[in-house]
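Student: After the structure tokens below, expect a handful of questions from me.
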Ligand code: AHR
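Numbering (the working numbering), first residue to last: 124 to 637.
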């Protein structure tokens, strides 16, 4: 009898602990930093069906509506995301790419083998003019990733002239005019190599710093008031030495940002299925994803030592989840499905970037179509918007808004002997005065009740949207493309300066307060 009593007491106690309320304080009058819209950037590489079949179906295609070969359904979907910036042509591909092979009459463009991604033939039919015209169609800023690994300073300098210099100012601008484009495009963002520590040349950072300085010298945009923004190939994950050396060795006038790449991978030799995963795999993916918070904190702290005024940006120019390819697809094409796990990963990571917006000024999800954590999947004329797409669309309210600091006290998501923070949130105030709070419940098993104390503002109304599903492994397929879509969320109650809500497991909520 006594034993029974103890068991009941213990279980009541544990229920109480597990369902304790999460508390957040919203400091609505303490905003000082703008969330750079480029945090919502994307990445497109000549890899699998990202470009060919994804963006580009060729200008003679008769079945899929297109403009100069670029799919119009893709453009329409991406416009709703307000894609601010698009990185191209790689990735590893960029350090094998010679841009002059991809301009001029298509019939005369040489082919090459795409050695990084399946040794498939690259016919160069989608090149600089096609990409930059597509960015104009999309309303996105291009971010060109220059070939430092196997190119020359001259080649990169010529690319800057070809794309940005005024008409008739050099042989390169005459070349552009002969290729049908008299006026320059607007190309602000330039990467100097990609993963210089790996596929971009296997360099040591001390060596890369010198190479960087050489390339950067000749790509300065002398003739144009529209100054270019140079991004150095950054660290992999927690290689803090890489960041330290670049901050020390690169002259301040020669760079604007350092990159950083981090993928959420369970184990590089056993990545696991994108759809058929256990809670343990989900937990591990989340642990890897949430490590982003520590990464940007520590890389930023190193940058702070050399640049306390935060003039230089951290550009997380590759991030996302990486799993095994879909069964039956080419292993080198990195085509994977996208479930609620990816929605939670994206929502939590974007909250991390928002909260670090004093230093993180750009991020590029890898990759935009048909590769890794894509927002769009295509199959001939069919198109699917993934759960990650919907998170990006829900969160676009944060673009260029003032970040409002939050103080979060969260429950733990316990799995075995390990724990993760359950609630990840960020907030901002947009130009029209509306406040948005995005919240993610990482806990795969338990709903979380959240109580938000509002300081420094008073609101009359709260509305919201939620992305959730009855199984975390669910996804949008070509057969059932709308299984997971955001719906209206009426679960938030506003009572004076208190806001209470309940978030289901593995779900993403965005609230609007007015
Ligand atoms: O996004 C796929 C690849 O991952 C990129 O080409 C490379 O930069 C990274 O290693």
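Note that CB positions come from ideal geometry on N, CA and C, so glycine has one too.
Flag residue 165 as yes when its Cβ comes closer than 8 angstroms to any non-hydrogen atom of the ligand AHR, and as no otherwise.
Tutor: In the chain shown, residue 165 corresponds to position 42, counting from 1. Outside the cutoff, so no.
Student: Name the two residues that bound the continuous beta strand (DSSP E) containing residue 358.
Tutor: In the chain shown, the residue the question calls residue 358 occupies position 235. Run containing residue 358: 352-359, per the beta strand (DSSP E) assignment.
Student: Going by the DSSP bridge assignment, what does residue 611 pair with across the sheet?
Tutor: Position 488 of the chain shown, counting from 1, holds the residue named residue 611. Paired residues: 588.
Student: For the region 605-623 against the region 533-544, are there 3 or more C-beta pairs whose distance is under 8 angstroms?
Tutor: no
Student: Just verifying my parser: in three-state terms, what is the DSSP assignment at residue 621?
Tutor: As a first step, residue 621 must be located in the chain shown, where it is residue number 498. If DSSP states are grouped into helix, strand and coil, residue 621 belongs with the strands.
Student: Going by DSSP in three states, residue 215 sits in which element: helix, strand or coil?
Tutor: The residue labelled residue 215 in the question sits at position 92 within the chain shown. Helix, per DSSP.
Student: So, under 8 angstroms CB-CB, residue 429 and residue 485 are touching, yes? Tell me the CB distance rounded to an integer number of Å.
Tutor: In the chain shown, the residue the question calls residue 429 occupies position 306. In the chain shown, the residue the question calls residue 485 occupies position 362. Not a contact, Cβ separation roughly 19 angstroms.
Student: From the DSSP output, in three-state form, read off residue 491 for me.
Tutor: On the chain shown, position 368 is the one that residue 491 refers to. If DSSP states are grouped into helix, strand and coil, residue 491 belongs with coil.
Student: Please name the residue in 230, 214, 350 whose C-alpha comes closest to that of residue 317.
Tutor: The residue labelled residue 317 in the question sits at position 194 within the chain shown. With distances taken between Cα atoms, residue 317 lies closest to 214.
Student: Is the region 148-164 touching the region 578-593, taking contact as three or more C-beta pairs under 8 angstroms?
Tutor: Output reads yes: the region 578-593 touches the region 148-164.
Student: Kindly identify the DSSP beta-bridge partner or partners of residue 265.
Tutor: The sequence position of residue 265 within the chain shown is 142, counting from 1. BP columns for residue 265 point to 209.
Student: Could you tell me whether any non-hydrogen atom of the ligand AHR is closer than 8 angstroms to the CB of residue 317?
Tutor: Here the question's residue 317 lines up with position 194 in the chain shown. Yes, the ligand AHR has a heavy atom inside 8 angstroms of this Cβ.
Student: Under DSSP, the alpha helix (DSSP H) around residue 198 begins and ends at which residues?
Tutor: For the purposes of this step, residue 198 is identified with residue 75 of the chain shown, where counting begins at 1. Residues 195-204.
Student: Please state the DSSP three-state secondary structure of residue 458.
Tutor: Mapped onto the chain shown, residue 458 falls at position 335. Coil, per DSSP.
Student: Using 10 angstroms around the beta-carbon of residue 207, count the other beta-carbons present and answer buried if the total reaches 16, otherwise exposed.
Tutor: The sequence position of residue 207 within the chain shown is 84, counting from 1. Flag for residue 207 reads buried.
Student: Who are the near neighbours of residue 592 in its chain, counting only those whose CB is closer than 6 angstroms to its CB and skipping five residues on each side?
Tutor: The count along the chain shown starts at 1 and reaches residue 592 at position 469. Correct list, in chain order: 463, 607.
Student: Decide if residue 330 is buried, meaning its Cβ has at least 16 other Cβ atoms within 10 Å, or exposed.
Tutor: Working through the chain shown from its first residue, we reach residue 330 at position 207. Result: exposed.
Student: Compute the distance between the beta-carbons of residue 162 and residue 522, then report whether it is under 9 angstroms.
Tutor: Counting from one through the chain shown, the residue named residue 162 turns up at place 39. Counting from one through the chain shown, the residue named residue 522 turns up at place 399. Result yes, Cβ atoms of residue 162 and residue 522 sit closer than 9 angstroms.
Student: Is any heavy atom in the ligand AHR found nearer than 8 angstroms to the beta carbon of residue 610?
Tutor: Along the chain shown, one-based indexing puts residue 610 at 487. No; taking the cut-off as 8 angstroms, the Cβ of residue 610 has no heavy atom of the ligand AHR nearer than that.
Student: Compare the Cα-Cα distances from residue 413 to each of 586, 545, 494 and report the closest residue.
Tutor: By one-based count along the chain shown, residue 413 stands at place 290. Looking at the Cα atoms, 545 is the closest of the given residues.
Student: Please state the DSSP three-state secondary structure of residue 308.
Tutor: Counting from one through the chain shown, the residue named residue 308 turns up at place 185. In the structure shown, residue 308 sits in coil (DSSP, three-state: anything other than H, G, I, E or B).
Student: With distances taken from CA atoms, which of 427, 575, 293 is nearest residue 625?
Tutor: Against the chain shown, residue 625 aligns to sequence position 502. For residue 625, the nearest C-alpha among the options comes from 575.
Student: Does the Cβ-Cβ distance between residue 352 and residue 312 come in under 9 angstroms?
Tutor: As a position in the chain shown, residue 352 is number 229, starting the count at 1. As a position in the chain shown, residue 312 is number 189, starting the count at 1. Yes.
Student: Would you call the region 439-450 and the region 489-496 touching, i.e. three or more CB-CB distances under 8 angstroms?
Tutor: yes
Student: Short check: CB of residue 435 to CB of residue 380, under 9 angstroms?
Tutor: Here residue 435 corresponds to residue number 312 of the chain shown, with the count starting at 1. Here residue 380 corresponds to residue number 257 of the chain shown, with the count starting at 1. Cβ distance < 9 angstroms, so residue 435 and residue 380 count as in contact.
Student: Count Cβ pairs between the region 231-240 and the region 263-277 that sit closer than 8 angstroms; are there 3 or more?
Tutor: no
Student: Decide if the region 467-482 is in contact with the region 546-564; the criterion is three or more beta carbon pairs, one per stretch, under 8 angstroms apart.
Tutor: yes
Student: Relative to the C-alpha of residue 483, which residue among 419, 368, 432 is closest?
Tutor: Here residue 483 is taken as the residue at index 360 of the chain shown, counted from 1. Closest option to residue 483, Cα to Cα, is 419.
Student: Exposed or buried, what is residue 474 when buried is set at 16 or more other beta-carbons lying within 10 Å of its beta-carbon?
Tutor: The count along the chain shown starts at 1 and reaches residue 474 at position 351. Buried.
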